[in-house]
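Enquirer:
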Amino acid sequence: MGLDRRSFLKSCAVVTATAITPATTARAADDKRVLPPEAIGLLYDSTLCIGCKACVVACKKANDLAPDTHYVGDGLYDAPDGLNEHTKTVIQLHKTDDEMSFVKKQCMHCVDPACVNACMIGALKKEADTGLVWWRSDRCVGCRYCQVACPFQVPKFEWTKRVPKIVKCELCRHRLAKGGQPACSEVCPRQAVIFGKTKELLATARARVESDPARYNPEIYGDTELGATQCLYLAGKDVSFAELGFHHSQEEAVPLTQRTVQHGVYQGFVAPAALYVALAFVMFRNRQPATGPEQNEKGE
């Protein structure tokens, strides 16, 4: 009995699904990223921040960033309202009738960064030892996939320049190379943002929460969220991280699902091979000479 097209395609779909399923299960655990041994980052304590924006000014000076005067009519005042091509870190205000809190935004330096996973030619790199995520101009083709992939909407594109770059916080890696620290943590008058090894910063955050539970939200953002981040956050007792703009609470990293599906589909090229066979079958059938009533109507 011959095999019709519908039956053949159904069989190919079954083969593809069978190829993907075991690989998906096996890869999920294997592909989970862990904190690098010498991971570095920032701890931001919103209960200590007074919104002076000294960190924003210092960051711009250290990274040669132009003032952002887009939202100020006279164009004389540097007043970014968010991360952009001129701003690698920003202080934002959360305010309701009952509470007020500042929050600092910059690259989170994720343990499993979506931007790195999305970049098709490795223009974004995560250091194996420190976990620092930085951009390489010699490889970037300007596709901006990193912008789409980042759950924190960090990478920004220089739309106003003929030779544009991707702009994001790199923890002042040029200062680190000389034994310094990020400009933002160096100038903070209240030590609302501090720099150090991520493991030590996490221990500090936990100690603060335990010593003053009436002051702090018991959660430490970045400890587990989206596979964990090397920049950590503390918030006030009555302030949720969602209110501060951190809307992702799941523990699974963004790239984990993507890699799991990719590995399942392309393991041994079983699934692509099945799809190619299906396409070949359809093309072969379509090229066969017509038979039956259609031929008779034409007198062939």
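Sequential numbering from 2 applies to the sequence shown in our numbering. For every residue, glycine included, the Cβ atom is placed at its ideal position computed from N, Cα and C. Everything numeric in this text was worked out from a predicted model, so none of it was measured.
1) Counting pairs of beta carbons, one from the stretch 108-128 and one from the stretch 208-215, are three or more of them closer than 8 Å?
2) Would you list the residues sitting across from Lys96 in a DSSP beta bridge?
3) Relative to the C-alpha of Met121, which residue among Ala129, Met101 and Cys144 is closest?
4) Which residue wins for smallest C-alpha separation from Leu257, given the options Val117, Cys60 and Lys62?
5) Mapping the DSSP letters down to three states, classify Gly223 as helix, strand or coil.
6) Quick check on the burial criterion: 16 or more other C-beta atoms within 10 angstroms. Buried or exposed for Ala124?
7) With a floor of 3 residues, list each beta strand (DSSP E) that falls wholly inside the stretch 227-254, ordered by position along the chain.
8) What do you get for Pro308, buried or exposed, if any count of 16 or more other CB atoms within 10 angstroms of its CB means buried?
9) What residue range does the alpha helix (DSSP H) around Lys62 cover?
10) Identify every run of the alpha helix (DSSP H) within the stretch 152-182, keeping only runs that are complete inside it and at least 4 residues long; order them along the chain.
11) Across the stretch 132-141 and the stretch 180-190, are there enough close Cβ pairs to call them in contact, namely three or more that are closer than 8 Å?
12) Pair every Cβ in the stretch 158-165 with every Cβ in the stretch 41-59, then say whether three or more of these pairs are closer than 8 Å.
13) To the nearest angstrom, how far is the alpha carbon of Ala243 from that of His95?
14) Lys200 by DSSP, collapsed to three states: which one?
15) Does the distance from the CB of Leu227 to the CB of His249 come in under 7 Å?
16) Looking only at its own chain, which residues have a Cβ that is under 7 Å from the Cβ of Pro38, when we skip the five neighbours before and after it?
17) Would you list the residues sitting across from Thr43 in a DSSP beta bridge?
18) Let me check understanding here. Comparing Cα to Cα, which of Thr225, Ala193 and Gly237 lies closest to Pro219?
19) How would you call Gln231, buried or exposed, if buried means at least 16 neighbouring beta carbons within 10 angstroms?
20) Using a Cβ-Cβ cut-off of 8 Å (strictly less than) and excluding sequence neighbours within five positions of Lys62, which residues of its own chain qualify?
21) For Ile167, which of Ile41, Gln182, Cys151 and Arg176 has the nearest alpha-carbon?
22) Mapping the DSSP letters down to three states, classify Ala184 as helix, strand or coil.
23) Skipping 5 residues on each side, what residues in its chain have a beta carbon closer than 6 Å to that of Leu49?
24) Can you say whether Thr97 is buried or exposed, counting buried as having 16 or more other CB atoms within 10 angstroms of its CB?
Expert: Reading it off the structure:
1) no
2) Met101
3) Cys144
4) Val117
5) coil
6) buried
7) 233-235
8) Lying outside 2 to 301, the shown extent of the chain, residue 308 is not represented and no answer is given.
9) Ala55 to Ala63
10) 174-177
11) no
12) no
13) 11 Å
14) helix
15) yes
16) Asp130
17) In the sequence on display, residue 43 carries Leu and not Thr. Beta-bridge pairing links Leu43 to Phe196.
18) Gly237
19) buried
20) Ala184
21) Cys151
22) helix
23) Arg191 and Ala193
24) exposed
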